[in-house]
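Engineer:
Numbering (the working numbering), first residue to last: 15 to 213.
1) Taking its Cβ as the centre, do 16 or more other Cβ atoms sit within 10 Å of residue 49, making it buried, or is it exposed?
2) With DSSP collapsed to three states, give me the class of residue 41.
3) Using a Cβ-Cβ cutoff of less than 8 Å, which residues in the same chain neighbour residue 188 once the five nearest sequence positions on both sides are dropped?
4) Using three-state DSSP, classify residue 164 as helix, strand or coil.
5) Three or more beta-carbon pairs under 8 Å between the region 77-93 and the region 106-120, yes or no?
6) Any chance you could list the alpha helix (DSSP H) runs of at least 4 consecutive residues sitting entirely within the region 136-195, in chain order?
7) Could you pull the start and end residues of the alpha helix (DSSP H) that residue 208 belongs to?
8) Rounding to the nearest angstrom, what Cα-Cα distance links residue 178 and residue 146 in this structure?
9) Whose C-beta lies closer than 8 Å to the C-beta of residue 27 among residues of the same chain, with five residues either side of it excluded?
10) Assign residue 96 to buried or exposed, taking buried as 16 or more other Cβ atoms, counted over all protein chains shown, within 10 Å of its Cβ.
11) Quick test of your reading: residue 175 and residue 195, contact by CB under 8 Å. State the CB separation rounded to the nearest angstrom.
12) Check whether the Cβ atoms of residue 200 and residue 152 lie closer than 8 Å to each other.
13) Can you check whether the CB of residue 55 is closer than 8 Å to the CB of residue 213?
14) Can you tell me which of 81, 161, 135 puts its alpha carbon nearest to the alpha carbon of residue 204?
15) Check the C-beta distance from residue 30 over to residue 66 and give it rounded, since I have them as a contact under 8 Å.
16) Over what stretch of residues does the beta strand (DSSP E) that includes residue 17 continue unbroken?
17) For residue 27, does the three-state DSSP call read helix, strand or coil?
18) In whole angstroms, what is the alpha-carbon distance linking residue 155 and residue 210?
19) With DSSP run on the structure shown, which of helix, strand or coil describes residue 69?
20) Quickly, what does DSSP pair residue 88 with across the bridge? List them, please.
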């Protein structure tokens, strides 16, 4: 089985891949949140298309890419992260702008702050998972773009009940088929385990 994961913002590809349990014959390719994510995904196909957090958001902006896959599973998806939009995000526009400024001044400190706010665990020494310019690009997408919530009903969606970045109740209103995983936050491994997903 071949699968592709469009990763979350600021998460190392290796860390994300390790969070997805899979059988020995399953292959997983990880696509980072970067300016060329779409071009990379257009060259790939497989049994399962996965999206996590900002990766799930990007997939919601381009549902036409889903047809190359038999199954689509989104973890911590949102049409708009900005709290002001009322589309399931809990992060204020001002916070995103501050994050963007911080990334340009001290990327490691900004990433560390994000991990803390999102309730994500840092294993070992924190390193930038990609160049700071790509991290800035990801935040710029969150600031300037919204997605349609409708495609969420065509995917298997899972959100943590205790996610500090997302409003699970609002997301369930937007997508009645979404699974709200009890006692789980924004961490990919916990979401995957709580949902029972495996490749």
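We treat Cβ as the ideally placed atom computed from N, Cα and C, and that holds for glycine. Values in this document were obtained by computation on a predicted structure and should not be read as measured data.
Structural biologist: Judging by the given coordinates:
1) Along the chain shown, one-based indexing puts residue 49 at 35. Exposed, since its Cβ has fewer than 16 Cβ neighbours within 10 Å.
2) Here the question's residue 41 lines up with position 27 in the chain shown. Correct three-state label for residue 41: strand.
3) Walking along the chain shown from the start, residue 188 turns up at place 174. Around residue 188: 93, 101, 102, 163, 166.
4) Along the chain shown, read from residue 1 onward, the residue named residue 164 stands at position 150. Residue 164 falls in the helix class under three-state DSSP.
5) no
6) 146-158, 182-188
7) To locate residue 208, count along the chain shown from 1; it is residue 194. Its alpha helix (DSSP H) spans residues 202-209.
8) Stepping through the chain shown from its first residue, residue 178 is reached at position 164. Stepping through the chain shown from its first residue, residue 146 is reached at position 132. Taking the straight line joining both Cα atoms gives about 24 Å.
9) For the purposes of this step, residue 27 is taken as the residue at position 13 of the chain shown. Cβ neighbours of residue 27 beyond the five flanking positions: 21, 44, 46, 143.
10) Here residue 96 refers to the residue found at position 82 of the chain shown. By the neighbour-count rule (16 or more Cβ atoms within 10 Å), residue 96 is buried.
11) Numbered from 1 along the chain shown, position 161 holds the residue referred to as residue 175. Numbered from 1 along the chain shown, position 181 holds the residue referred to as residue 195. Contact holds; Cβ gap of about 6 Å.
12) Within the chain shown, numbered from 1, the residue matching residue 200 stands at position 186. Within the chain shown, numbered from 1, the residue matching residue 152 stands at position 138. Cβ atoms of residue 200 and residue 152: not closer than 8 Å.
13) The count along the chain shown starts at 1 and reaches residue 213 at position 199. The count along the chain shown starts at 1 and reaches residue 55 at position 41. No; because the gap between Cβ atoms is not below 8 Å, this pair is not in contact.
14) Walking along the chain shown from the start, residue 204 turns up at place 190. The option with the nearest alpha carbon to residue 204 is 135.
15) For this step, residue 30 is matched to residue 16 along the chain shown. For this step, residue 66 is matched to residue 52 along the chain shown. Contact flag correct, Cβ pair sits at about 6 Å.
16) The residue given as residue 17 occupies position 3 in the chain shown. Run containing residue 17: 16-20, per the beta strand (DSSP E) assignment.
17) The sequence position of residue 27 within the chain shown is 13, counting from 1. The answer is helix: DSSP assigns residue 27 an H, G or I state.
18) Here residue 155 refers to the residue found at position 141 of the chain shown. Here residue 210 refers to the residue found at position 196 of the chain shown. So the alpha carbons of these two residues sit roughly 30 Å apart.
19) Your numbering for residue 69 matches position 55 in the chain shown. It is helical.
20) As a working mapping, residue 88 is identified with position 74 in the chain shown. In the DSSP output, where bridge partners are listed per residue, residue 88 has 65, 171.
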